[in-house]
Ligand SMILES: Cc1ncc(COP(=O)(O)O)c(C=O)c1O
Ligand SMILES: Cc1ncc(COP(=O)(O)O)c(C=O)c1O
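Residue numbers (the numbering used here), protein chains in the order written: chain A, 956 to 1407; chain B, 956 to 1407; chain C, 2 to 500; chain D, 2 to 500.
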């Protein structure tokens, strides 16, 4: 295939206009010896018919399109409304660049403004940005902001954060600057965190619900962090936030809420897609806005006085501020934020809450069924949202294998994160799972557990 | 689900504005005894999640999405460019009505004009309309036009037309008015048709390529029809027309071509979709334009002198002319015509021809392979385009059954049309079929033929 | 020539091309050898344009259209309601989209299941005994039903005598056209007051030559015929069949079953009542539902269920035969079934309820500004007369064109013929009060403009992609296809966009 | 308030809602029992709007955007080329879209295969020894590479000493920002003539504290650094690593392999060179390719093949660790691989060829009207200066805004910083001669307008969905989220559309 817009004849006339004899004359500054003579050793060209054949075959090597998923761990098989897909695939949204010329980008800009508005509402914060790469880098950016804001270097991260989020934090911040506290018993434990706090700590990062699906005690963590002069950073699931008091809200005792709320926005209308593209969201207090990473859309008016939107505070960003920028992020996850905006718009006030409630009901139903299967038990005792850890009578890998044979992906084998977790299965149940599917899932557990 | 735009509170205020107490007051003219009291006995409501579950399960009861198709008989598994789908699913095209207000319908109207232009070019005729229901009713409309034009009643149809086209002609025209001539030996046979011609014959209808995939001798048929004062109507495959001299063109001896060319436009970018929606196309000489059925777009200018398009000659149509209309057609197959327009635009001059040539090459390759399988033979001797009839050593139903087990739909069992054809398989090979698939297909023949 | 709005044939040129086809992977032979004796064409004067430019062309065209996803579309008799995307998605499932009608029953149980389930649902909704989903649109449904009625009369030995079909003058044009097409003679009767049936006129027209009476319920003024059961009884007394044009079923679904009104058969427009998208003119689907006595005459094949397996019955000696190449517009049937199951019993009832409410609300508000020919409540639509504006030299056409400037589509105009300067308005149930109020305000403002600045209306629309188009010139010049341009088109002139 | 352009929160209201969720089909218990001790939120002030209206809202928004499927988009440094739809289709295959990164290797062989094949293709194209596809964008690629360079220096005991990274002043902003983020100190060196490297300045800046040099090839003026191999050699002599910002790879693909120029590592922007759609700001993907000596430091996990089976290697002691939650922007990787395989070797070479040709053609034509800061041929893009118009009081910003009136997007403006009133123009290879000529004619006409009617330019754009927006006010007022309106919004005012 070729999408080149020129014919050979046109090329010739263009070379004439340029004033050179042959194309190669245009390459005079390239050292001869590095100019490739031979075609690149890549396959193709393939027509669309052949591409469909090849990628279709590859896609069927995955189990995903013929298996019922109980996988979670940050990314979930949530319902995606049909209308969302129809809207998001429009060229106007997919093939536009970053809205640098607002006069011809009000579509993207208005949607970003709506995204910011709904994320701020969902997290209980004052402002939100236009997106970051994923939940993990959003947590990194929160840590970096906290460091700048406090002038302190160390970051405390709960051990109940997603192991991959911890790993990314470690990569960006360095081993030395990161202290992992609490969490291995299931909950972060405000006491464990308080114990780790010190005057060099910039912030405390915890997840709510956490990696094990458990609800934390956000207020206690916020109080501990604030008492030590550190910022409190919550990593939240956006579906859970439709039901739970948002961490940004003040505590029941009036104590201050989290300073920054970040998270993974994939559940808002985006497919898991083997883990990418994802959608990092970032919300914080208005007071921190000038240190925020990423793009921000703001309301203004045009020359005719009509409402419109523009990117604002660009002086925070790399293309203006260069090495002094608040972050190096440039390309973000715009289309996923658009999808999330449409998702939240379609589901709306009632739909968001219903999704969250269905998750809770179905997850607890599954947990009850599982607990009744001989040999299985819940690993933790606390309240959980749409995910729980199951202690299996056999290695979790045996359960996932048994499930695959039955067209069920029964959960995430936690053995991949720690050897001592190899009998642990992390199970997520979304609103998409029917009672019948949950029953089939329980049967897989039974079969794997009894070794048949 | 509900897509109703009103809330209960709004309903109440609207009833107040209308000046009635309750909704039922608006129904005063409906006899009480017919007002339904109980809910309709239909299933539902189902959410999108449940609809996907139910229809997904139904769709998987079909073999279509996991089998390689060698089915034809008027509808084919041709390549549909990815860009076509992205364009055709745009709301602007799918959710617009017939372009009755041209000022806000230039998108549809321009596309119709382009469709007409390309269909006219493809068929070698002067004008084409905006679409009819399918190839069969397009043939009916051609017969009706011929009757009006000639004042004659009888229609001669080749026996090598698709049996379902013949059936629809019979339904519309009546047993008496339809004479089936020739064709059972494979070709229509200009002599058989000439023999059936008489002064009461309005037109001769034949297919090219015909139902058996064979190329006819259009010129001989045209000459015979014209000699008897009848019109010549060709039913053509649009892909074949990219390669073959169009029936509208004058014969090699300068004799007149067909008067009307109709056909099934599904192969132009539309999926078979269990046989509908389809796309009837209708092209004819300029002299017949005022008797044409269906909508016509024409070029004109707007009040600023800019080029634009409108529906024209509406006085032919039912909404103006009522019982004197040239046809009763109103809703047509607009979206399929749009898809065909995009298809022809994307494939263009070279692509159309390449598709046709690949069909010829692959079909003949398959025919050679089949003829080498013991017990199989081609049923006819003539030149064929992308389809041929195979005489099998066993019932064709045995072959199709064997194929299904291997994920191959090896052809159309012609036994469903005539008992004496029950060992005949109609095989189509499009540009989508790879050499490897054709080899697998031949293996199915071998297995079925040897009874293993 | 500007770069915008060029036809495809005016773009690109030799050397440009769209997506590639695969190389031939089978042994290839010269065409002359494979197709002996065939005349191959010299050339095909099709466009030669690169994929990026073809995409831009159609995207550019698309945004010139008004459509239901963009705004209000109160086109009377057309039921322009929301088209849920889920239905398109389901019809596009590969198992459906790639299914072939000649694959054989065993390979197509899923598709047959959809047809069967839809038939059951339509029977529940209409109250009839049997239904065919084969007709591709309403007009074909009419034709199909008339052929069945003819076959029924013939089966009773009355075929030769009964050659006339009575159609009110307010009927949709397809009714008389279908009558004519089916070989019957159309007998037009004048409507009574408000397009209701004039029982006297009907009685006079009915006789032993009458094969059928075709009625639209609610009628084209949007009014329910109060004496409908008397009408159907009267026709039956005369030995005629009574056909209901069900294009207006959006007013009745869940509320009234047409079979209970005494009709013998009817067609439904799935592309209206059951929300399948109109596609800029089609496709639709026009299933015909019938009483038991007409069942033997239904088109073949019929989908029948035995022990949970579905098959296609073709051996039906009384059948009128086929009316479609395959099984009708299957993709539309999938959408309609998904719509029905999505809504469920309460949802379906909610359709007619809100459709009626929206229409009456708009009607009462607009009756203050435009002339309403009747006092009764309407059903799902209503017809206003614009004749009050004639004194300013303003016609209904001008009102329609001016409406386009407000981002809404015009109503159906000049139909039904029995109302002078008719504006036929069908808001549908999926519109919000906001949208109704906005439309009403626009209509009111236009009435004011008619009095104050009629010129503004004569020249409307002002803000649409094209201004008023010269239809006369189109019909005179009859340019029905493009001209292939000669090579070497000049450099496009450059103009800023107009606003 | 008008009906158009209302925010979602200003529409609908209590009682309106979008698509339904299924009824709960498992035994349900009170939330307080299931979530003991959890504080549930009081309310969620989200919009309440019906599905039809949500659809209309976003369709209405969409058409306010310029986009590549609508017209020319010569945004320098952004490579706005055609985005083939087939790539979106393939990325959307359920087997890919629904695959979960924690499903386990056995369940995801297809996804791992895509990553593996893409890695092989990128190695062929760049000439490097190993590559990671984990970075989600170019900036993250830069950061990832810098961390690897740091790890390499540390592995050689030089980590503490080498703390500086040299970046030319013409570099993209992400370069210095990434330097800072990775804990290095950015040392800016002034560019030589035409943004080429000033060897003297570089030599002076290089010392035993230098960890790396970051260079963009072709540079931001679109020029290929003629002495590039000297530059990389010089840096290596000083013990520094040399990083190539590969965002401009569209000029080189199939023509030159960066590894052959002496670089140690580079990032690619798949969302530029490999045509994945920009999505209004993202997502992209920024793979990093490295020489063998840097391979041990690549992020985990790595996809490795053994006996035809693919697995994820995590146990890599020298790795810098993870930079992404999963495996990077997989959906983008699918698209890029489809693009590469679709084009094949010849097609890839055709990309840079036509990109260079288009740029030089436009450059030579426009150099007659605007100031071109250099005489050399450019590669895939070029930079003009608009300072010649300053005498009319017209700035580059005005030129950019006026261009919008011609249906084309503006070039990148005021970048690179080293050219006064810069206009950075990248036509890409998928544009036709028609489009180039149209753009050139628009630019020429604007230059004329600048002299004759500068006011027209100051007030431009005139025909866009919004006129010039007040950015200062936005920054002052900082309205970053909507206000939830109080109940009972007034009836929308009715206004015809402006044109
Ligand atoms: C009342 C009425 N009857 C019949 C029809 C014909 O239906 P179709 O357009 O589907 O053929 C229509 C559609 O416009 C109609 O409104
Ligand atoms: C030269 C150059 N380098 C780096 C980048 C950063 O890439 P990204 O936006 O993907 O982070 C860009 C993109 O704008 C660029 O043009």
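We put the beta carbon where it would ideally sit given N, CA and C, even for glycine.
Can you determine whether any heavy atom of ligand 4 sits closer than 7 angstroms to the C-beta of residue 347 of chain D, and answer yes or no? As presented, the structure is devoid of ligand 4, carrying ligand 1 and ligand 2 as its sole ligands.
Could you tell me whether the Cβ of residue 1194 of chain A comes closer than 8 angstroms to any Cβ of chain D? In the first chain, residue 1194 of chain A corresponds to position 239, counting from 1. Closer than 8 angstroms to the CB of residue 1194 of chain A there is not a single CB belonging to chain D.
Return yes when at least one heavy atom of ligand 1 lies under 7 angstroms from the C-beta of residue 66 of chain C, else no. Counted from its first residue, the third chain places residue 66 of chain C at position 65. For ligand 1, not one heavy atom lies less than 7 angstroms from the Cβ of residue 66 of chain C.
Straight-line Cα distance separating residue 1302 of chain A from residue 2 of chain D: For the purposes of this step, residue 2 of chain D is identified with residue 1 of the fourth chain, where counting begins at 1. For the purposes of this step, residue 1302 of chain A is identified with residue 347 of the first chain, where counting begins at 1. In this prediction, residue 2 of chain D has a pLDDT of 34, which is less than 50 and means its spatial position is unreliable; what the coordinates show is noted afterwards. Their Cα atoms are separated by approximately 25 angstroms.
Where does residue 994 of chain A sit, in a helix, a strand or coil, going by DSSP? Position 39 of the first chain, counted from the start, is the residue given in the question as residue 994 of chain A. The answer is coil: DSSP assigns residue 994 of chain A none of H, G, I, E or B.
Where residue 1147 of chain A and residue 1136 of chain A are concerned, what is the direct C-alpha to C-alpha distance, given to the nearest angstrom? Residue mapping note: residue 1147 of chain A aligns to position 192 of the first chain, counting from 1. Residue mapping note: residue 1136 of chain A aligns to position 181 of the first chain, counting from 1. The straight-line gap from Cα to Cα measures roughly 6 angstroms.
Neighbour flag for residue 958 of chain A against chain C, beta carbons, 8 angstroms: Within the first chain, numbered from 1, the residue matching residue 958 of chain A stands at position 3. Yes, contact with chain C.
Any Cβ of chain C within less than 8 angstroms of the Cβ of residue 1082 of chain B? For the purposes of this step, residue 1082 of chain B is identified with residue 127 of the second chain, where counting begins at 1. Taking Cβ atoms only, chain C reaches closer than 8 angstroms to residue 1082 of chain B, which makes this a yes.
Which residue or residues does DSSP assign as beta-bridge partners of residue 1237 of chain B? Locating residue 1237 of chain B in the second chain gives position 282, where the first residue counts as 1. According to DSSP, residue 1237 of chain B shares a beta bridge with B/1217.
Suppose contacts are defined by Cβ-Cβ distances below 8 angstroms. Is residue 1222 of chain B in contact with residue 1103 of chain B by that definition? The sequence position of residue 1222 of chain B within the second chain is 267, counting from 1. The sequence position of residue 1103 of chain B within the second chain is 148, counting from 1. No; because the gap between Cβ atoms is not below 8 angstroms, this pair is not in contact.
Counting Cβ pairs, one atom from each stretch, are 3 or more of them under 8 angstroms apart for the segment 247–262 of chain C and the segment 124–132 of chain C? yes
Any Cβ of chain B within less than 8 angstroms of the Cβ of residue 432 of chain D? Taking the first residue of the fourth chain as position 1, residue 432 of chain D is located at position 431. For residue 432 of chain D, the answer is no, since every Cβ of chain B falls outside 8 angstroms of its Cβ.
Round the Cβ separation of residue 1115 of chain B and residue 1162 of chain B to the nearest angstrom and send it over; I've been treating them as touching at under 8 angstroms. As a working note, residue 1115 of chain B is residue 160 in the second chain. As a working note, residue 1162 of chain B is residue 207 in the second chain. So it is a contact: roughly 6 angstroms between Cβ atoms.
Return yes when the C-beta of residue 246 of chain D is under 7 angstroms from any heavy atom of ligand 2, and no when it is not. The residue you call residue 246 of chain D lines up with position 245 of the fourth chain. At least one heavy atom of ligand 2 is nearer than 7 angstroms to the Cβ of residue 246 of chain D, so yes.
Return yes when the Cβ of residue 964 of chain B is within less than 8 angstroms of the Cβ of residue 96 of chain D, no when it is not. Taking the first residue of the fourth chain as position 1, residue 96 of chain D is located at position 95. Taking the first residue of the second chain as position 1, residue 964 of chain B is located at position 9. No. Outside cutoff.
Is it the case that the CB of residue 189 of chain D approaches a heavy atom of ligand 2 more closely than 7 angstroms? In the fourth chain, the residue the question calls residue 189 of chain D occupies position 188. Outside the cutoff, so no.
Give the residues of chain C in contact with residue 1005 of chain A, contact being defined as C-beta atoms less than 8 angstroms apart. Here residue 1005 of chain A refers to the residue found at position 50 of the first chain. Chain C residues near residue 1005 of chain A: 23.
Using 8 angstroms for Cβ pairs, my map puts residue 388 of chain D next to residue 450 of chain D. What's the rounded Cβ distance? For the purposes of this step, residue 388 of chain D is taken as residue 387 along the fourth chain, with counting starting at 1. For the purposes of this step, residue 450 of chain D is taken as residue 449 along the fourth chain, with counting starting at 1. About 17 angstroms; that fails the 8 angstroms criterion.
Below 7 angstroms, is the gap between the Cβ of residue 217 of chain C and the nearest heavy atom of ligand 1? Counting from one through the third chain, the residue named residue 217 of chain C turns up at place 216. Because some heavy atom of ligand 1 lies under 7 angstroms away, the Cβ of residue 217 of chain C counts as near it: yes.
Output, in chain order, the set of chain C residues within a Cβ distance shorter than 8 angstroms of residue 963 of chain A. For the purposes of this step, residue 963 of chain A is identified with residue 8 of the first chain, where counting begins at 1. By Cβ distance, chain C contributes 16.
Checking 8 angstroms against the spacing of the C-beta atoms, do residue 1008 of chain B and residue 431 of chain C come in under that value? To locate residue 1008 of chain B, count along the second chain from 1; it is residue 53. To locate residue 431 of chain C, count along the third chain from 1; it is residue 430. Their beta carbons are not under 8 angstroms apart, which means residue 1008 of chain B does not touch residue 431 of chain C by this criterion.
Alpha-carbon spacing of residue 1108 of chain B relative to residue 328 of chain C, whole angstroms: Stepping through the second chain from its first residue, residue 1108 of chain B is reached at position 153. Stepping through the third chain from its first residue, residue 328 of chain C is reached at position 327. Residue 1108 of chain B and residue 328 of chain C: Cα-Cα distance of roughly 29 angstroms.
Are the C-beta atoms of residue 978 of chain B and some chain C residue less than 8 angstroms apart? Here the question's residue 978 of chain B lines up with position 23 in the second chain. Yes, residue 978 of chain B counts as interfacial toward chain C.
Contact set for residue 1257 of chain A: own chain, Cβ-Cβ below 7 angstroms, skip 5 residues either direction: Counting from one through the first chain, the residue named residue 1257 of chain A turns up at place 302. Counting only Cβ-Cβ distances below 7 angstroms, and skipping sequence neighbours, we find 1263.
Any heavy atom of ligand 1 closer than 7 angstroms to the beta-carbon of residue 192 of chain C? If you number the third chain from 1, residue 192 of chain C lands on position 191. Incorrect: residue 192 of chain C has no Cβ contact closer than 7 angstroms to ligand 1.
Alpha carbon to alpha carbon, how far is residue 1112 of chain B from residue 1171 of chain B? Give it in angstroms, no decimals. For the purposes of this step, residue 1171 of chain B is taken as the residue at position 216 of the second chain. For the purposes of this step, residue 1112 of chain B is taken as the residue at position 157 of the second chain. Residue 1171 of chain B and residue 1112 of chain B: Cα-Cα distance of roughly 14 angstroms.
Pairwise C-alpha distance: residue 391 of chain D and residue 298 of chain D: Indexing the fourth chain from 1 puts residue 298 of chain D at position 297. Indexing the fourth chain from 1 puts residue 391 of chain D at position 390. Those two C-alpha atoms are separated by around 51 angstroms.
Identify, in the order they occur along the chain, each residue of the same chain with its Cβ nearer than 7 angstroms to the Cβ of residue 312 of chain C, setting aside the five sequence neighbours on each side. As a working mapping, residue 312 of chain C is identified with position 311 in the third chain. So the qualifying residues of the chain are 106, 305.
Closest Cα partner of residue 102 of chain D within the set A/1028, A/1070, A/1043: Within the fourth chain, the letter at position 101 stands for residue 102 of chain D. Of A/1028, A/1070, A/1043, the residue nearest in Cα terms is A/1028.
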